[in-house]
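Student: To start, I am sharing the structure in question, which I have written as structure tokens.
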Amino acid sequence: MIGWSLILAVLAPAAGFLALVIDGFFDGFFEGSLKRLFKPGQRESLISGIARYAAALQLIGSLGVLAVLADSGFKPFHSFIIPGIPLFIDWTAAVYMTLVGFIGWISVSFSDRYMHREPGFRRFFLCLLIFLFGMALIVLGGALDTLFIGWEIVGLASFLLVGFYLGRPKAARHALRALLTYRLCDVGLLVGAILAHTLYHSGMFEVIDGKHFGSIAGEGISPAMLIALSCLVFLAAAGKAAQFPFSGWLPRAMEGPSPSSAVFYGSLSIHCGVYLLLRTEAIWGISTFVCVLLFVWGAVSTILARLTGMVQSTVKGHIAWNSISHVGIMFCELALGWHIVAVVHMVLHALYRCYQLLASQSVLAQHFREGMHFRTRAMLFERGVSRRRDLAASLYMAALNEFYIDLLFNRLITSRFRSRSTRFVETLGSVPRVFWYLVPVVFSGLVFIAMGINGADFAGMAGVMLTAVALSIPFLGLRFIDDTKSLGFVSAVFSAFVAALFVSRLPAVNSSLRPLFSGCSFLVAVIILCLLGDESRPIGWRINAGFQGLGILLVSAFWFCGEGQSMNCLAVLSGLGGGVMLATGALYFMEARKRPVANGGFLGYAVAFPRASILFLLGCLALVTFPFTAAFRGEDLILEAAFELSHWGACAGGLLAVLIQLLVIRAMAQAYFGSPRHEIRYDRLDLATPTLALTLLPAMAAFLSTLIVYG
Amino acid sequence: MNSQPVARDPVRGPDFGPQDLRDLLDHYSSVLPVVEPIGEFIHYNTLQAFLGVPFEEALFKARNIYGARPYMPLAFYRAKYAAGLISRDLLKSIAIRRIPDPAWIDIALSILERSPRLYDPSEVVSAVGDANSNDRRLWEKVSAMFPLESFSNKDPSGDRHAPLMDSRRIREASNRWNDDLRRPLRDLWTPLLGERIQWLANPVLYRMLASFLDQGVATWQMPWTSVSFYQAARRLFFNGLIPDPGSIDLAKLDTFEAIEALLKELVGDKALWPSYLRETIMANPGWSSLVAQIARKGERLQQRRKIDLADLVACSLTVEYALLRGVYGVHERIGSLLCGPDAANHDVPFAQGGRIDAGNARLLLLNDVFDVVRATSTPPQQWPDVMRLCLSLADVDLESVWHEAFESTYYHSVLGLVVPRAQAIAKGEFKVDSLMSPSAQLIFCLDDRECSMRRYVEQLDPRARTYGMPGFFGIDMMFLGAGREYPEKYCPVPMMPKHIVLEHRAATTSTRLLGRKPKRQSRPLVIAAPLRMIQLWLNPSRVAKSMRNGASSQPTTLEFHAAKDKPGHHSGYQVGYTAVEMADRIEAALRSMGMTRDFAPVVLVIAHGSSAMNNPYYAAYDCAACSGRQGIPNVRVFSGMANDSEVRAILRSRGINIPDETFFVPAFHDTALDDFKYFDAATLEGARTTNPSARDAFQSIRRTLETAAGLNAVERCARFEKAPRKLTPRKALREVRLRASALFEPRAELGHATNAACVIGRRGMTTGLSLNRRSFLVSYDPLQDPDGKWLAGILGAAIPVSGGINLDYFFSRIDNKVYGCESKLSLNVVGMVGVSHGVDDDIQTGLPSQMVELHDPIRLLFMIDQDPSVVRRVIDGSPLLKSWVDNQWVRVSCVDPRSGAVSFLGAPDNTHPDGIRPWNLGEVLS
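As they're listed, the protein sequences go chains A and B. Take the first sequence: its position 419, counted from the start at 1, is 463 in this note's numbering, and no numbers get skipped. Take the second sequence: its position 32, counted from the start at 1, is 807 in this note's numbering, and no numbers get skipped.
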């Protein structure tokens, strides 16, 4: 009973998702076979029908879980009923899962008629289902790693639904902003998971829950580390829950159809942050300092969001900011240890906001026809003392501009980085070409010296040289050759292949030279990062350069950590390589057929090539180690190993990698979104399809090898 | 309404003075599309500003300003053609008039029917790619005739086919391919900021605008809303974004001086000012239009605000100034950033420029030729002719030929229904009124949604007579609802009423309640949210009811009698009407409908409105003749007046004898729920005591209406794709009521979609004809109005109101991205004045795609049951009507009541100096 309930709760949306994918891929596969279940001849009712059944099954499953748990007197337990996905169920999880099931089912049912005749009908339901699957992983996941996977899936689904109207540049910008904020804050969770592994030697909640502060101290875990871990968890929670200073993405995410806004920002997604805190209470709950920190964080967010919410003159903005302020209150409640209050607050708030967002469009009817007015207050004392009036006006203006967080961020970081990187690229452009040919030689020379001192064998040396050259050529070559995609493609295959070769033959490196080597690669990664800031480069170039940067960083981390990481490194490189191959191959396929007319802005491939652009998207996501290739796991382990060697080194490298990933995501979104303005290229038409086929093969091989590596 | 376009182009050049600045802003506020505050939404002719020029010309002018498409894409017309909705004969006769040599007509038709257009690349690819081997050989031959090599990219002018390159067609194609028609001046800031300045400045500007105009969303109101927008914004800026005055002292300047000073600071070179201003205004057309509209008609907001286009421009420039100077420390000016070739380029009009690969253009043109050749199997020696024809047809725009054929086909079909009937009436073969005395009379609004309802009522009760007139029923009034703070207008927008009617809550047992505001509807409690969520799914109509129930349920009385000796005044209007004024209005209404004798015991006066739940455009579904409101007060006042014994006495002296046993009953038709409500039941109570027959008649017509509503719902459901087919009336009613109540239904009703005709005449012309809910119906008896006195009143309201509805749908359908607002699913209500997608966005203009997706863009065809010379005289009497009719924004046909002959009205020309063109079925309209 409990087994089936759990399977339903977790896997039903995934099964629905797969069914929709299959149906879409084979152009109405289920239409013939399932005719009797749905209204005949209507593609829409079939799609929404599948989604509705999946969501209903999930709801039944979650109710089943709740019932069984209640029957056993709310005793938490572990389950491994689904291989590879450890589950942990306590009363919080069961209650929240029921909420997820209920709201998910309501939203899916609601959308059936709501989305009628909308372009992207299937895409909408696919996103909803994958979102529900991600939610189930978050809620029921038994380890921080499982939770992280769900966390990323939810982030991805949000990204796709915020940008549901592919052609609108503003929607694309806001979707991108949501994803970038998520990704940045997810680092907290990722590093937190690694840290938890180091501290507890397990990411399982059961293990974590069992520890007490005393016993941890006994095991030699320093309180400073525990505080760091708590802060990382808070960072992750604050990002998802749109707390200060990350609040800006949430109101901006109201770009999609209302049900998606209702599900994501109104009810489920925003409360994931609270749920994460509930889950990890064993980690942060044992230090008073951390509790005070959480309380202050929540209180500041609440006050600022409430003020901003008060001045909002759009209905959805109003709802969004007030949701943020409520979640801030929940943070405070948790900090005070009011566990049950927080859960009750969360559930009621989720339902209320969901309803409010769904009803938001009829606000006019209520306002005008029924003479219903919102309470408005002139908070400003127009006849008051002028200083007091100015203070109020300043506060108003600050609230209206969200306390200038965006402007400050833009002024201090984004614009400075962009203008600097543009200047940097201009400087590089003026450097003689010969210098650029020298760089790989110098780079491999360094490696050569390192190997030679170590007395490594010839094969090892050759392998390393080849790798160095392979890793540098595409990004250098891309600078000079106009048609770079093919080169990048070839070099990507090449480097993945060579990496595999050298990893198998590698001897240990002299430990005193390690810092030199990793310093060099760090420098190269920084240069690549600066180059990526130049947005006038073609997308393919940027994606390739991103791959080079990440590859160099991870390989150097591996070098730094020494032996025992070969398999992990192979996994990373095959995942990244497969990703970049898929992305560039799909991009090449699309660009060979149509060339974007105007450079800059968004290119709109998703509208022009619905299917190929999905491959492109998948490739890019694999490249930035979204958790569906083994690259994620390998990166995880490499970082963990690096972390044990040097905290600061690992953090710096990780941060650099994340920044490069953010820029790759940016490039991806710029190619994916936008309204299509393309010219057909008659000269290249014949080449496109074979290229895609050619690309798919090694990409599949890379993914397969990953699977084999990790069994 | 009367704003005529400013035809001249804005000033440019180095001597740009303050007066030029004012002129430029005036020019833009006159050409911007009409956007009403959403709470007051009215259907307007989107291109109101161009009313003074002929329709087709306006389409192209608008394209140059907004970059919109003038017609539907070719594929639309071809699909209609395939479905038989465009007649081949008409297409042929229209095409023949457009091509140089009638002998080429077959080739021309083939081009129309199947040649792909340049700007539909996917079609071209399939044509080239799918050609079988035979065709490929032919293709090679064509290519050999016009060698591609000679069209090299590098030297477009040097080859022998050079004239092709200048073809307007290729230019147009390139226009449409390039959305970024030219590089905006403001993009010059981008390298300095690392971001387009719009992305930084727009959120600030939009939030300021929305907060200033907000009608009650924000809980903390913007300070200083009593002064003008720029004054308020500036004070706020000094408290936030501009802490110190900077190089110009903004605090001392008025709005126009500030604009000048800021332009001097930001742009520098005066020659660039007009371009920069145009960018500032056109960068957010929605807000600019809304602001221009509020400036024109300030009284349309409940909470008045002082704002005009100059305020918006000044604020926008101040935001840019604050960001550039204050936040980013950028001190350059546009004038110094712009150098060399860019300077010459920046000033091209909106829809020019853009490139198309010359080789591709040739290829595409050749492909056209090839396609025609293949389709017509033309012998090779004629291929050059085909080529020439392709080019000449390009100059007449294929879409316009198609569009004319599309409209004509519909006009023919509807005239083909009505004209034979009119001729039968003229010959006396068909009686207009049955001889039986009517059992009940029903006065509906002329609305096209009532068209089918009237048909069903007449079917069910042959003795019932229905009438149609503009839904304010001739009562021009302001109305102050009980508990409302501001009076609202309940008549067509152009009318300026002088009277106000006050609503009073009926005395209840507790007198303390009198005069108090209605109890604010409580928002759902947090605790109740789960219940609400479940309810939302299980029983949406219940949620809807609890959201709908407001003040309307409490009985009220209307004060519409003016005090005998000295009429009172309220907010500048006279309270109520004197007996003579009442009689004037009732007489005008009755006479214009020709309803002067044979009164039934019960006369229902029926207002209409819509109560769909999921609808940010709620006013769009209500009565446009009542300025987008539900005309309930109008019908209540109308009936009250008509039941008044004093009024009846005056009317009797003027020859309209309303018998004492006749009662006028106000009613309301909810077009979304298909549901009728009746008001002032006390009237009926009174009626029952004096005259039981009135009560019986009322009960029987009430039953008839209920049955008719069911049948009407069946007809409506046929258009909803999601509604089950073959519904019984009862199930259909349940379906439409669910739609109206459910939050998850974006198409509660389809509004005026598919409206295309308007019949002004005796009901006999259309009884029993199925006009498919596409026609506005106005009652008018030409025989009682030989000199067109009442017709003037009818046309004065009917042409702008129904023409506005029609053209709003027309343009939103033609280009939903530019004139409309795309999907309504992501709409966000901004300050109760507009809708936008998400937050921080421009206000959306026009109608959402859900409302217009079924609409066929056809200009409204008026069929007037009157002698054309009389109609001509009426139209010539009003400059507004003259520009509507003569510039063909609506098509007006007259059916002579004596002969049944048809003629069309248009601008006078050489062949028809009087502007009346006789017409016979089957002819092409001129």
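Using N, Cα and C, we set each Cβ at its ideal position, and we do this for glycine too. Source: prediction; values computed, not measured.
#1: Quick check: B/Glu-1490 and B/Pro-1499, are their CB atoms within less than 9 Å of each other?
#2: Near A/Asn-366, which residues of its chain fall below 6 Å by C-beta distance, leaving aside the five closest residues on each side in sequence?
#3: Following the continuous alpha helix (DSSP H) through B/Gln-990, name the residue where it begins and the one where it ends.
#4: Could you say which of B/Leu-1277, B/Phe-1181, B/Gln-1157 lies nearest to B/Ser-868 if we only look at CA atoms?
#5: I'd like to know if B/Ser-1402 contacts chain A, where contact means its C-beta is closer than 9 Å to some C-beta of that chain.
#6: Smallest Cα separation from B/Ala-1375: which of B/Lys-1592, B/Ala-1469, B/Gln-1619, B/His-1630?
#7: At 4 residues or longer, what runs of the alpha helix (DSSP H) sit wholly inside the region 1397-1447 of chain B?
#8: I want to see whether chain B comes within less than 9 Å of A/Tyr-440, judged by CB atoms only; does it?
#9: On the criterion of 16 or more Cβ atoms from any shown chain inside 10 Å, does B/Gly-1249 qualify as buried, or is it exposed?
#10: Against A/Glu-299, what residues of chain B qualify as contacts under a CB-to-CB distance less than 7 Å, listed in chain order?
#11: Do you know offhand how far B/Asn-1685's Cα is from B/Arg-1071's?
#12: When burial is assigned at 16 or more other CB atoms within 10 Å of the CB, is B/Asn-1695 buried or exposed?
#13: Over the uninterrupted beta strand (DSSP E) stretch that includes B/Gln-1157, give me the two end residues.
#14: With a Cβ-Cβ cutoff of 9 Å, do B/Ala-1483 and B/Val-1194 count as a contact?
#15: Which residues in the same chain as A/Met-712 place their Cβ atom closer than 6 Å to its Cβ, once the five residues preceding and following it in sequence are excluded?
#16: By how many angstroms is the C-alpha of A/Ile-363 removed from the C-alpha of B/Ala-993?
#17: Taking the Cβ atom as the reference point for each residue, do B/Gly-1539 and B/Ile-1200 lie within a distance shorter than 9 Å?
#18: Cutting at 7 Å between CB atoms, please list the residues of its own chain near A/Asp-680, excluding the five before and the five after it.
#19: I'd like the span of the beta strand (DSSP E) that includes B/Trp-1694, first residue to last.
#20: Taking the straight line between their C-alpha atoms, what separation do you get for B/Phe-1551 and A/Gln-405?
#21: Does B/Tyr-1453 come out as helix, strand or coil in the three-state DSSP assignment?
#22: Please confirm whether A/Leu-90 and A/Ser-49 have their CB atoms less than 9 Å apart.
#23: Report yes if the CB atom of B/Met-1370 is closer than 9 Å to the CB atom of B/Ser-1554, and no otherwise.
#24: Cα-Cα, which of B/Arg-1522, B/Asn-1487, B/Arg-971 is closest to B/Arg-1505?
#25: What are the residues of the region 340-358 of chain A that lie near chain B, defined by any Cβ-Cβ distance shorter than 7 Å?
#26: In this structure, does DSSP put B/Tyr-1352 in helix, strand or coil?
#27: Identify every residue that forms a DSSP beta bridge with A/His-245.
#28: Quick one: grab the DSSP three-state call for B/Ala-1382.
#29: Give the secondary structure of B/Lys-1039 by DSSP, where H, G and I count as helix, E and B as strand, and everything else as coil.
#30: What are the complete beta strand (DSSP E) segments, minimum 3 residues, inside the region 1473-1551 of chain B?
#31: Quick check on this structure: which residue in A/Ile-104, A/Ile-658, A/Arg-217, A/Leu-234 has the alpha carbon closest to the alpha carbon of A/Ile-682?
#32: Verify the CB distance criterion: does B/Pro-998 have a CB-CB separation below 9 Å to chain A?
#33: Can you give me, in chain order, the residues of the region 1385-1417 of chain B that have a beta carbon less than 7 Å from any beta carbon in chain A?
#34: Any idea what DSSP makes of A/Cys-613, helix, strand or coil?
#35: Select from B/Ile-1109, B/Ile-1069, B/Val-1665 the residue whose C-alpha is nearest the C-alpha of B/Glu-831.
#36: Counting contacts by CB-CB distance shorter than 9 Å, is A/His-315 in contact with chain B?
Tutor: In short, the structure shows the following:
#1: no
#2: Gly-353
#3: Unbroken run through B/Gln-990: none, as it is neither H nor E.
#4: B/Phe-1181
#5: no
#6: B/Ala-1469
#7: 1407-1418, 1420-1428
#8: yes
#9: buried
#10: Ser-1601, His-1612, Gly-1613
#11: 39 Å
#12: exposed
#13: Note, B/Gln-1157: premise wrong, no beta strand (DSSP E); not H, not E.
#14: no
#15: Cys-664
#16: 11 Å
#17: yes
#18: Ile-238
#19: 1691-1694
#20: 29 Å
#21: strand
#22: no
#23: yes
#24: B/Asn-1487
#25: Met-354, Val-355, Gln-356, Ser-357, Thr-358
#26: strand
#27: For A/His-245, which the question treats as bridged, DSSP gives no partner whatsoever.
#28: strand
#29: helix
#30: 1532-1536
#31: A/Leu-234
#32: yes
#33: Met-1388, Asn-1389, Asn-1390, Pro-1391, Tyr-1393
#34: helix
#35: B/Val-1665
#36: no
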